[in-house]
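Take a look at the structure set out below.
Chains as they are written, first to last, in the numbering used here: chain A, 1 to 114; chain B, 1001 to 1111.
Rendered as structure tokens:
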């Protein structure tokens, strides 16, 4: 069964450093998403991406965040200057269409900022 | 904007019994989807079941069924014949575009 692949599974970084989280969505999917889950809390929407541009973003997705699809397969989330409060699990997801069946999540990247 | 409410922070159920996890939603969109995901302690998000707003029948997937009551805006998950491996966090979510999640219910299945 097709799956969304995220790397790395765990990343530790120092406060103020830049991190790039990587995702390979399912190949025929057109919509890509990043979500964040702070430990013990709900899963929060960050950004959606379609046709090589951001289609929607949340208040959390401020200027320190950016997303990119550098080639035909990868989808990345960059955090420019990490803060302690950025420590969370970051999930990538993709879907063939929006609104209906078929949102698939990757297994997540646990980011720890020290 | 969409909103999901899960009022049960934790639930206990005995193995082999059925359990219902509550979910209510709020949306102004006429067309939307309702989803349930399972998150075990390992952290991944596992899709369980989907219900479309125009679906006439309640969705079922093996031991999972979704009790969809559109007028009451509820989309409760029913797990029949609980197993120890069902112990996890369960999240309800809705679209029409991005998924919006509730706060989750931690289910613990005991022998």
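We treat Cβ as the ideally placed atom computed from N, Cα and C, and that holds for glycine.
With 9 Å set as the bound, which would you pick, yes or no: does the beta-carbon of residue i sit closer than that to a beta-carbon of chain B?
i	result
residue 93 of chain A	yes
residue 115 of chain A	The structure shown does not extend to residue 115 of chain A, since chain A is modelled only from 1 to 114, so the question has no answer here.
residue 83 of chain A	no
residue 66 of chain A	no
residue 107 of chain A	yes
Check the Cβ-Cβ distances between residue i and every residue of chain A, and say whether any is below 9 Å.
i	result
residue 1044 of chain B	yes
residue 1060 of chain B	no
residue 1097 of chain B	yes
residue 1090 of chain B	no
residue 1031 of chain B	yes
residue 1100 of chain B	yes
residue 1068 of chain B	no
residue 1104 of chain B	yes
residue 1037 of chain B	yes
residue 1050 of chain B	yes
Can you have a look at residue i and say buried or exposed, based on whether 16 or more other CB atoms are within 10 angstroms of its CB?
i	result
residue 1079 of chain B	buried
residue 89 of chain A	buried
residue 1026 of chain B	exposed
residue 36 of chain A	buried
residue 38 of chain A	exposed
residue 98 of chain A	buried
Nearest CA to the CA of residue i: which residue from the options?
i	options	result
residue 1058 of chain B	B:1039, B:1081 and B:1076	B:1076
residue 74 of chain A	A:30, A:17 and A:14	A:30
residue 105 of chain A	B:1038, B:1024, B:1064 and B:1087	B:1038
residue 93 of chain A	B:1051, B:1090 and B:1100	B:1100
residue 1043 of chain B	B:1071, B:1091, B:1018 and B:1111	B:1091
residue 52 of chain A	A:45, A:71, A:64 and A:42	A:71
residue 44 of chain A	B:1103, B:1012 and B:1061	B:1103
residue 1012 of chain B	B:1094, B:1098 and B:1086	B:1086
residue 1069 of chain B	B:1081, B:1063 and B:1055	B:1055
residue 1107 of chain B	B:1018, B:1071 and B:1060	B:1018
residue 40 of chain A	B:1028, B:1066 and B:1010	B:1010
residue 1063 of chain B	B:1035, B:1003 and B:1048	B:1048
residue 1083 of chain B	B:1015, B:1067, B:1050 and B:1004	B:1015
residue 1051 of chain B	B:1081, B:1093, B:1028 and B:1029	B:1093
For residue i, I'd like the list of residues in its chain whose CB is within less than 8 Å of its CB, leaving aside the five on either flank, ordered along the chain.
i	result
residue 1022 of chain B	1006, 1007, 1008, 1074, 1076 and 1105
Ordered along the chain, which non-local residues of its own chain (more than five positions away) have a Cβ less than 6 Å from that of residue i?
i	result
residue 77 of chain A	21, 34 and 67
residue 55 of chain A	48
residue 1020 of chain B	1076 and 1078
residue 7 of chain A	22
residue 1040 of chain B	1088
residue 32 of chain A	25, 49, 75 and 94
residue 110 of chain A	10 and 89
residue 57 of chain A	47
residue 1061 of chain B	1049
Grab me the residues of residue i's own chain with a C-beta within less than 7 Å of its C-beta, minus the 5 sequence neighbours each way, in chain order.
i	result
residue 113 of chain A	13, 15, 82, 83, 84, 86 and 87
residue 972 of chain B	The requested residue 972 of chain B does not occur in the structure, where chain B is confined to residues 1001 to 1111.
residue 1004 of chain B	1023, 1025, 1092, 1093, 1094, 1100, 1101 and 1102
Contiguous beta strand (DSSP E) assignments of at least 3 residues, all confined to the stretch 1031-1066 of chain B:
Entirely contained in the stretch 1031-1066 of chain B, the beta strand (DSSP E) runs reaching 3 residues are, in chain order, 1033-1039 and 1046-1052.
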